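Numbering (the numbering used here), first residue to last: 1 to 531.
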């Protein structure tokens, strides 16, 4: 363990920007949500109507079991509607942090350099687990204090259990990831395995909540929900994920002794003697690299669209006379007179923003290929820079449009089945596909950044990140109109809440073409950058 505290300080220094962003994002989401509860649900009748909506099986699967249905207080509402989503956030935070400071360090060779000094074999793993544990405990404590301070109806005991539930979830998935790092040779496969475990346990738990059987206790998230903050306030279910973490961390240490540095317990498949002929064809390599993301994003967003399409009418009926919701939609430029259509428009924008995350990721992968020196091997052949980057760009545009359409079909189908009108199918599908040019613009910006200033590649995430901020947080903060207009998604007509207007979509398409051209010229002229 020699050198653990030195490496811990190094981790905190490297993540001195990432950690505050995670903390602020989580706390602002929780506190912002709690602050609008009294205005949105001012009476017991309003809260019970909300509880009726949450009894929908699709909502239970996505968000978790309904807590306190007989007396749907603000605390029960916070647990039922926010705990599930926030456990996913802290789990992803922990997964990415562990992989970044373990397997990614081994891939780049930095871990071997560190171990050549006076540093213990387990120091790196111990340091990252201390950092992950401390970060999750800090988030849990700040969440507890922030929730009670924002809304006194959220008692401190319930808030502490809510915060503890978040903390143990993050710590447990950090431990799961530490084991995954020993098994997988590459950071993408290590994080992919950990995320697959997270999704798998969440889905199995979701089926358990829908069927109301023993599957609802599926670790890790199952016991976390059974703690029931603000309702039953049970602390003992949280011992289950903590016990799992207590077993997995020593297991990860032991597994690390069974492998060499930069190696893995599961060696990569030797593969065929000769590469597939498809790799040498246009889009063959990029499809091979991106197919996992394409399949997972496509399947996940299809299910997302189906789930939300099935509850649009119920949500519209519940909030028909709610002034707080009317103000929220008005701030987004939606027609509050047609609430169901406004909800369709808002969900369409939310789904498009999710697709834009996938789309931008297809381009940012180029930067990872460049810094890892793999791109240099490809460009040493007859493949030109324009073809290399252009294939990823075209792949991102085409597949993101496909995923957007797939998501729209899922939402439109279930909305039409619920409403009983075939015309509703085309209304919803059109509302979703309306955002395709905004997604193309997000891809184009990523290409331009990669071609002109590759060291600033994180700027490529500005469009989806700011789009989420404007949609979810902007109305709560009362942002002025010019701040909304920074996001290209704000220029897309909110069909079906407003009339369709092709002009802004055409302008965005032209701007996207200009950014793509600038990016490709930059890629052709600049040197490869490895830092």
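Positions of the beta carbon are idealized from the N, C-alpha and C atoms, including for glycine.
Given the structure is predicted, the values throughout are model-derived calculations rather than measurements.
Please say whether residue j and residue i have beta carbons closer to each other than 9 Å?
i, j, result
"residue 84", "residue 75", "no"
"residue 214", "residue 208", "yes"
"residue 132", "residue 170", "yes"
"residue 521", "residue 450", "no"
"residue 4", "residue 94", "no"
"residue 256", "residue 125", "yes"
"residue 542", "residue 175", "The chain is shown only over 1 to 531; residue 542 falls outside these bounds and no answer can be derived."
"residue 86", "residue 37", "no"
"residue 242", "residue 128", "no"
"residue 238", "residue 224", "yes"
"residue 303", "residue 410", "yes"
"residue 452", "residue 519", "yes"
"residue 369", "residue 289", "yes"
"residue 53", "residue 61", "no"
"residue 404", "residue 432", "yes"
"residue 345", "residue 414", "no"
"residue 389", "residue 262", "no"
"residue 599", "residue 471", "Since the first residue shown for the chain is 1 and the last is 531, residue 599 is missing from the structure and cannot be characterised."
"residue 27", "residue 19", "no"
"residue 412", "residue 489", "no"
Using three-state DSSP, classify residue i as helix, strand or coil.
i, result
"residue 101", "helix"
"residue 308", "helix"
"residue 448", "helix"
"residue 290", "helix"
"residue 20", "helix"
"residue 42", "coil"
"residue 136", "helix"
"residue 31", "helix"
"residue 414", "helix"
"residue 171", "helix"
"residue 398", "helix"
"residue 263", "coil"
"residue 257", "coil"
"residue 209", "helix"
"residue 453", "coil"
"residue 109", "coil"
"residue 490", "helix"
"residue 405", "helix"
"residue 226", "helix"
"residue 283", "coil"
"residue 219", "coil"
"residue 383", "coil"
"residue 152", "coil"
"residue 231", "coil"
"residue 534", "One cannot answer for residue 534 here, as it falls past the ends of the chain, which runs 1 to 531."
"residue 65", "coil"
"residue 185", "coil"
"residue 52", "helix"
"residue 122", "coil"
"residue 73", "coil"
"residue 533", "Outside the displayed span of the chain (1 to 531) sits residue 533, for which this structure offers no information."
"residue 299", "helix"
"residue 322", "coil"
"residue 80", "helix"
Considering residue i, what are the terminal residues of the alpha helix (DSSP H) in which it resides?
i, result
"residue 424", "422–433"
"residue 9", "4–14"
"residue 268", "No alpha helix (DSSP H) holds residue 268; DSSP gives it neither H nor E."
"residue 497", "Careful: residue 497 lies outside any alpha helix (DSSP H) and carries neither H nor E."
"residue 350", "339–371"
"residue 482", "481–484"
"residue 1", "Note, residue 1: premise wrong, no alpha helix (DSSP H); not H, not E."
"residue 508", "502–525"
"residue 533", "This structure gives no information on residue 533, because the portion of the chain shown stretches from 1 to 531."
"residue 464", "462–468"
Below 8 Å on the Cβ atoms is my guess for residue i versus residue j; work out the distance and round it to an integer in Å.
i, j, result
"residue 285", "residue 367", "That belief does not hold up - the Cβ atoms of residue 285 and residue 367 are roughly 16 Å apart, past 8 Å."
"residue 342", "residue 329", "5 Å"
"residue 460", "residue 445", "6 Å"
"residue 65", "residue 216", "7 Å"
"residue 424", "residue 436", "That belief does not hold up - the Cβ atoms of residue 424 and residue 436 are roughly 20 Å apart, past 8 Å."
"residue 235", "residue 161", "6 Å"
"residue 228", "residue 79", "7 Å"
Does the distance between the C-beta of residue i and the nearest non-hydrogen atom of the ligand SAH fall short of 8 Å?
i, result
"residue 425", "This structure does not include the ligand SAH; it has no bound ligands of any sort."
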